[in-house]
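Residue numbers 212 to 438, in my numbering, belong to the letters of the sequence shown in order.
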Amino acid sequence: MSEKRTIAPADKITVAEQYLAGKLTQTSAAKKYQVHIRTIQSWIRLYQVDGPAAFQKHGWTRYPADRKLQAVKAYLDHQGSLDTICTKYGIRTHEVLLHWIRMYNEGKPLRDFTGGTSMKKAKKTSPQERLEIVKDCLARERNYGETARRYGCSYQQVRNWVQKYETMGEAGLEDRRGKRTGTLPPRTREEEWEARIAQLEREKKALQMENDLLKKLQEIERRDAFL
Numbered sequence: 212m213s214e215k216r217t218i219a220p221a222d223k224i225t226v227a228e229q230y231l232a233g234k235l236t237q238t239s240a241a242k243k244y245q246v247h248i249r250t251i252q253s254w255i256r257l258y259q260v261d262g263p264a265a266f267q268k269h270g271w272t273r274y275p276a277d278r279k280l281q282a283v284k285a286y287l288d289h290q291g292s293l294d295t296i297c298t299k300y301g302i303r304t305h306e307v308l309l310h311w312i313r314m315y316n317e318g319k320p321l322r323d324f325t326g327g328t329s330m331k332k333a334k335k336t337s338p339q340e341r342l343e344i345v346k347d348c349l350a351r352e353r354n355y356g357e358t359a360r361r362y363g364c365s366y367q368q369v370r371n372w373v374q375k376y377e378t379m380g381e382a383g384l385e386d387r388r389g390k391r392t393g394t395l396p397p398r399t400r401e402e403e404w405e406a407r408i409a410q411l412e413r414e415k416k417a418l419q420m421e422n423d424l425l426k427k428l429q430e431i432e433r434r435d436a437f438l
């Protein structure tokens with residue numbers, strides 16, 4: 212069925228009103244106007260949210276942050292379908308609610324009206340704190356966004372810690388930034404090879420310095436022999 216048909220606002224209102232009055236089914240309306248049944252469902256939902264005004268041309272609908280958060284949590288807590296939650300909280304489309312859910316799970320703030328995309332800055336933590344955060348995240352079925360908000364971390368931090376913990380255990384939560392490669396026990400086969408290479412490079416450098424020193428001493432000895 213084509214979705215390119217232009218349906219007059221009055222027809223959309225009629226469909227919604229007749230359906231809500233029990234005089235029309237979604238299937239028959241979809242056949243009559245040659246649109247997908249989901250389109251009919253969208254008209255009905257919009258009518259339930261804003262009434263006839265829902266089909267007038269307008270700009271962006273603005274939603275306060277608390278309503279966004281309530282709607283997201285209601286859906287994640289299985290309090291209803293997308294349709295149910297959108298109708299209850301006056302949200303115009305599924306796409307809007309799904310966008311908020313993605314932002315929430317990514318640890319992004321649901322700001323008033325426009326919504327936000329800024330991420331939290333990386334938080335300094337100890338290995339013990341990281342372990343606590345990881346275990347809590349796993350207990351919450353890997354809800355990185357919720358865990359990030361709970362502990363004031365960024366989404367990416369929590370995700371990285373969980374991945375390292377699952378790969379390397381508690382050792383993966385050590386902060387090795389600024390540490391010379393090979394000076395700490397390796398945690399993976401890759402780190403083991405990196406440590407071995409670093410050790411060989413240090414040995415090579417030490418041998419080169421020793422050879423350079425030996426050459427310098429030999430040069431001095433030859434020079435002294437002619438004095």
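Beta carbons are placed, not taken as given, at the ideal position from N, Cα and C, and that holds for glycine. For clarity, every value in this text was computed on a predicted model and none was experimentally measured.
Nearest-angstrom Cα separation, counted from T304 out to Q281: Position 70 of the sequence shown holds residue 281. Position 93 of the sequence shown holds residue 304. Going by the C-alpha atoms only, they are around 16 Å apart.
Quick one: give me the first and last residue of the alpha helix (DSSP H) that I218 is part of. For the purposes of this step, residue 218 is taken as the residue at position 7 of the sequence shown. Careful: I218 lies outside any alpha helix (DSSP H) and carries neither H nor E.
One question on the structure: do I312 and V345 come within less than 7 Å of each other, judged by their Cβ atoms? Translated into the one-based positions of the sequence shown, residue 312 becomes position 101. Translated into the one-based positions of the sequence shown, residue 345 becomes position 134. No, these two residues do not count as a Cβ contact at 7 Å.
In chain order, which continuous runs of the alpha helix (DSSP H) of length 4 or greater are located wholly inside the segment 288-347? 293-300 and 305-316
Cα-Cα separation, R341 to L321: As a working note, residue 341 is residue 130 in the sequence shown. As a working note, residue 321 is residue 110 in the sequence shown. If I take the Cα positions, the gap works out to 25 Å.
Looking at C-alpha atoms only, which residue of T336, E377 and H247 is the closest neighbour of A359? Counting from one through the sequence shown, the residue named residue 359 turns up at place 148. Closest by alpha carbon: T336.
Kindly indicate the opening and closing residues of the alpha helix (DSSP H) around T236. Residue mapping note: residue 236 aligns to position 25 of the sequence shown, counting from 1. Here T236 belongs to no alpha helix (DSSP H), and DSSP marks it neither H nor E.
For a quick check, are the C-beta atoms of A264 and L257 less than 7 Å apart? On the sequence shown, residue 264 is found 53 positions in, with the first residue counted as 1. On the sequence shown, residue 257 is found 46 positions in, with the first residue counted as 1. No; because the gap between Cβ atoms is not below 7 Å, this pair is not in contact.
Do you know offhand how far I296's Cα is from V307's? Position 85 of the sequence shown, counted from the first residue, corresponds to residue 296. Position 96 of the sequence shown, counted from the first residue, corresponds to residue 307. Approximately 11 Å between the Cα atoms of the pair.
Mark K223 as exposed unless 16 or more other C-beta atoms lie within 10 angstroms of its C-beta, in which case mark it buried. The sequence position of residue 223 within the sequence shown is 12, counting from 1. Under this definition K223 is a buried residue.
Report yes if the C-beta distance between Y230 and I255 is below 7 Å; otherwise report no. If you number the sequence shown from 1, residue 230 lands on position 19. If you number the sequence shown from 1, residue 255 lands on position 44. Going by C-beta atoms, Y230 is nearer than 7 Å to I255.
If we count the other Cβ atoms within 10 Å of its Cβ and call it buried at 16 or more, is G318 buried or exposed? Locating residue 318 in the sequence shown gives position 107, counting from the first residue. Result: buried.
If you count every other CB in all the chains shown that lies within 10 Å of the CB of E357, and 16 or more means buried, which is it? Within the sequence shown, the letter at position 146 stands for residue 357. So E357 ends up on the buried side.
For M379 and D423, I'd like the C-alpha separation in whole angstroms. Numbered from its first residue, the sequence shown carries residue 379 at position 168. Numbered from its first residue, the sequence shown carries residue 423 at position 212. Rounded to whole angstroms, M379 to D423 spans 41 Å at the Cα level.
Once you ignore the five residues that flank I251 on each side, which residues in its own chain have a CB closer than 7 Å to its CB? Counting from 1 along the sequence shown, the entry for residue 251 is found at position 40. Contacts found: V226, Q237, A240 and A241.
Please report the distance separating the alpha-carbon of K368 from that of Q339. As a first step, residue 368 is located in the sequence shown; it is residue number 157 there, counting from the start. As a first step, residue 339 is located in the sequence shown; it is residue number 128 there, counting from the start. First, the residue type needs correcting, since residue 368 is Gln and not Lys in the sequence shown. If I take the Cα positions, the gap works out to 15 Å.
Which term fits I302, buried or exposed, when burial requires 16 or more other beta carbons within 10 angstroms of its beta carbon? Position 91 of the sequence shown, counted from the first residue, corresponds to residue 302. Counting Cβ neighbours within 10 Å, I302 comes out buried, since at least 16 surround it.
Short Cβ contact (7 Å threshold) for Y300 with R273: Here the question's residue 300 lines up with position 89 in the sequence shown. Here the question's residue 273 lines up with position 62 in the sequence shown. No, the pair does not count as a contact, with Cβ atoms beyond the cut-off.
Please list, in chain order, all residues of the same chain as W372 whose beta carbon is under 7 Å from its beta carbon, the five residues on each side excluded. Along the sequence shown, one-based indexing puts residue 372 at 161. Hits under 7 Å: R341, I344, V345 and L384.
Determine the burial state of S292: buried for a count of at least 16 other Cβ atoms within 10 Å of its Cβ, exposed for fewer. In the sequence shown, counting from the first residue as 1, residue 292 sits at position 81. Counting Cβ neighbours within 10 Å, S292 comes out exposed, since fewer than 16 surround it.
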